[in-house]
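Written out below as structure tokens is the structure these notes cover.
Protein chains in written order, with my numbering: chain V, -1 to 273; chain A, -1 to 273; chain E, -1 to 273.
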């Protein structure tokens, strides 16, 4: 079986470009595939992975692929921001670290806003936090029925990012978006599909096969037509999305240095370390 | 049983702040609860109630509650604008009264646009007119399965308000919003939920219990995180919503002095008085 | 039976204004009805029909009808742009023809953006291409359960028009709109209704009867209230829609002279001529 129809876990290393520590990246049949590859950490995004995803997106934008796919290795799609990014910060450094993290996040999200080709998420399992919020910047989102979508920001004293404060109300209406972004409601794949965040849900046992057959067909369509059409659908929003991203990151930097956020995160990490 | 889990009808007077004629307002467990309290009039909004709701929202914005809830006492959530507001107007006063009513309405809707904390509607029964149109300015809308949503503007020769001309097409698309706002389609709770106007529908016999258990949990989340996140979700729209509100009220003032509207309202009141 | 409740195919010619080659147009009971009337060509829109639809819309805007309805004669609603519009172009004329076609399309779509009364689509069968994309500019869309909605632009090396690049993501979210506009997904009537592109779906055998009964009731509502409310719902978007339309037509002109599009269209026409 080809690598496209098998599970990403079995991805042969020979298909991958070398040089990534946290990703597997390969290009075949006009498709560039970026696989989050920290399965033991449920594909949590640490600083290295933020940087490598940006690098992979920059290369995919310029390579000869027609579409680009982001997916995860193992049971999870992505468990969100690696909270260990917060763990080793001492008091005096907080402000400086928050500023750095905010710039990293803004830069990261900008790569999704500006990506010039059709960008497709293949959500192979649960998705959390930033991996959910940026889904509004993808063009198509396919999900296994095992996937869930969870953005527990207020639990951690934080606030929404990834342009979700603008895109989620636009996609699903404020009455649904607020329950998710403020009140931590976790969506099933079927719920996310019904609300328009997900394009289509597939049974887990045929997920990879069905999705990759479809993606292969998409990748054989006229490439310029696809890229130009994608940019057309995005053109009216692009400036606004950059403005939203800046505003979200500015507010998150203030959140991160607040007592409310610090104590919520510390409490979470302590509970976790006791398990 | 606590007042939060019992029906609002049984609300103990000792929980209420004094001084309201048409509302019951209380604050407990970080929740400020504003109850429309003209059950014999199906909670129709007369001039006094417009003014008292604005006063209650102003106080809730400044008090130490985390979330604010609006609900109705009795079988109805709210039957909309009290048409008796129109009943005693003599010919010479029409223009002046329309201007006054337009200013009152604009001011009323502005209080919802600008409300700084999560605002939640607990729709305990049928909702009509202005009580439906402002739902697009709430953050979460929970409804009993007995609720219906009806905006019969064109029947009365009028036009949409409460920012519904902008928010409803955004929430449900124009094909659905037009049937509701121009052609008087009455939605069931399930339909309103499927279209994104309502967050979730509950069986009537467990409605109060389930909703208040959930709201109590929400009210214990980090308060600044919630308020800041709400304002973030609204920030891109706020200026536009004020513009929409002004435009809607300007057009309604013209409608109210038109022969078409006057004869439609008079015909409605005559039919009603014959029953 | 009256003409409103019978199938459009049986429309008595005596109801029609004379002078149209590709349409039947009639006004009765406050309803102006524009029927696409090339049933043997599945109501494909040739240059003549583009011009006649614009003329009919201009007249309907000024006549004494309350609502205007567009529907198709025969089994199809409309099979989209008549590709024979492209067939007889020789090499040297391509650029000039693309400019002309782009101006025609822009003018055509502007007539839908600017139409001042409630505009209702009665989708009596399959809809393709431009007849689908302009549906986002209608106020209400009723469909038989036999209807399908298909926009195979990238198959033909083209890009979306009819303001669909802006309206479809607004109506259904980008995750659904992209699959339709970039990846040629054909929607059933039920799917289109669930995504908000269609207001309501009716069983084919009662479609005409149920829809025309409803439209007759709508057409008896206060006319100014309807027209003013429609313009209110559109007012915030109108400038943006004109901008979108211009941008879409500019990009399509570039597409039409591209090798990618030319070879895709030629390949399609050759396959068709071999059948």
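Every residue gets a Cβ at the ideal spot worked out from N, C-alpha and C, and that includes glycine.
As assigned by DSSP and simplified to three states, the class of residue i
i, result
"residue 75 of chain E", "coil"
"residue 279 of chain A", "Because chain A is modelled from -1 through 273, residue 279 of chain A falls outside the range shown and cannot be assessed."
"residue 2 of chain A", "At residue 2 of chain A the pLDDT is 41, less than 50, meaning the model places this residue with poor confidence and gives no usable figure here."
"residue 211 of chain V", "helix"
"residue 154 of chain V", "helix"
"residue 102 of chain V", "helix"
"residue 267 of chain V", "helix"
"residue 7 of chain A", "For residue 7 of chain A, the predicted structure reports a pLDDT of 44, less than 50, and the residue's modelled location is therefore unreliable. A value from the coordinates is still provided. Helix, per DSSP."
"residue 192 of chain A", "helix"
"residue 276 of chain E", "Any question about residue 276 of chain E goes unanswered here, given that chain E covers just -1 to 273."
"residue 247 of chain E", "helix"
"residue 13 of chain A", "Any reading at residue 13 of chain A needs caution, since the residue's pLDDT is 44, under 50, leaving its predicted position unreliable; the model's value is listed next. The answer is helix: DSSP assigns residue 13 of chain A an H, G or I state."
"residue 311 of chain V", "In the structure as shown, chain V starts at -1 and stops at 273, and residue 311 of chain V therefore has no counterpart that could be examined."
"residue 28 of chain A", "coil"
"residue 167 of chain A", "helix"
"residue 115 of chain E", "coil"
"residue 107 of chain V", "helix"
"residue 132 of chain V", "helix"
"residue 95 of chain E", "helix"
"residue 258 of chain E", "helix"
"residue 52 of chain A", "helix"
"residue 272 of chain E", "helix"
"residue 252 of chain V", "helix"
"residue 159 of chain A", "coil"
"residue 237 of chain E", "helix"
Check whether residue i and residue j have beta carbons under 8 Å apart
i, j, result
"residue 271 of chain V", "residue 156 of chain E", "no"
"residue 177 of chain A", "residue 128 of chain A", "no"
"residue 200 of chain A", "residue 208 of chain A", "yes"
"residue 120 of chain A", "residue 69 of chain A", "yes"
"residue 149 of chain V", "residue 122 of chain V", "no"
"residue 116 of chain E", "residue 172 of chain A", "no"
"residue 59 of chain V", "residue 32 of chain V", "no"
"residue 34 of chain E", "residue 161 of chain E", "no"
"residue 263 of chain E", "residue 154 of chain E", "yes"
"residue 118 of chain E", "residue 213 of chain E", "yes"
"residue 65 of chain V", "residue 164 of chain V", "no"
"residue 167 of chain A", "residue 145 of chain A", "no"
"residue 255 of chain V", "residue 42 of chain V", "no"
"residue 135 of chain E", "residue 170 of chain E", "no"
"residue 29 of chain E", "residue 63 of chain E", "yes"
Chain E residues whose Cβ lies nearer than 8 Å to that of residue i
i, result
"residue 144 of chain A", "Within 8 Å Cβ-Cβ: nothing; residue 144 of chain A doesn't reach chain E, min ~23 Å."
"residue 242 of chain A", "234"
Per DSSP, cross-strand counterpart(s) of residue i
i, result
"residue 148 of chain V", "V/126"
"residue 198 of chain E", "E/140"
"residue 242 of chain E", "Paired residue(s): none; residue 242 of chain E is not in a bridge."
"residue 120 of chain V", "V/69, V/140"
"residue 33 of chain A", "A/22, A/69"
"residue 185 of chain A", "A/147"
"residue 43 of chain E", "E/79"
Under 8 Å by beta carbon: chain A residues contacting residue i
i, result
"residue 179 of chain V", "227, 231"
"residue 266 of chain V", "Within chain A, no residue comes near residue 266 of chain V; the closest Cβ sits about 12 Å away, beyond 8 Å."
"residue 137 of chain E", "172, 173, 176, 180"
"residue 155 of chain V", "220, 222, 223"
Distance between beta carbons of residue j and residue i, contact taken as under 8 Å
i, j, result
"residue 72 of chain V", "residue 37 of chain V", "3 Å"
"residue 40 of chain V", "residue 19 of chain V", "No, residue 40 of chain V and residue 19 of chain V are not in contact; Cβ-Cβ is about 17 Å, not under 8 Å."
"residue 174 of chain E", "residue 25 of chain V", "Between residue 25 of chain V and residue 174 of chain E the Cβ distance is about 27 Å, and since that is not below 8 Å, they are no contact."
"residue 230 of chain A", "residue 246 of chain V", "7 Å"
Where residue i meets chain V, residues with beta-carbon distance less than 9 Å
i, result
"residue 150 of chain E", "Near residue 150 of chain E there are no residues of chain V at all, since even the closest Cβ is about 10 Å away, more than 9 Å."
"residue 246 of chain E", "230"
"residue 111 of chain E", "Per Cβ cutoff of 9 Å: no residues; residue 111 of chain E is ~15 Å from chain V at best."
Cross-chain neighbours of residue i in chain E, by beta carbon under 7 Å
i, result
"residue 128 of chain A", "Within 7 Å Cβ-Cβ: nothing; residue 128 of chain A doesn't reach chain E, min ~15 Å."
"residue 209 of chain V", "Within 7 Å Cβ-Cβ: nothing; residue 209 of chain V doesn't reach chain E, min ~12 Å."
"residue 216 of chain V", "181"
Under 9 Å from the C-beta of residue i: neighbouring residues of chain A
i, result
"residue 258 of chain V", "220, 221, 222, 223"
"residue 190 of chain V", "Per Cβ cutoff of 9 Å: no residues; residue 190 of chain V is ~14 Å from chain A at best."
Chain-ordered chain V contacts of residue i [CB-CB under 8 Å]
i, result
"residue 169 of chain A", "171, 172, 173"
Residues that residue i contacts on chain E, provided the C-beta gap is smaller than 9 Å
i, result
"residue 116 of chain V", "176, 180, 181"
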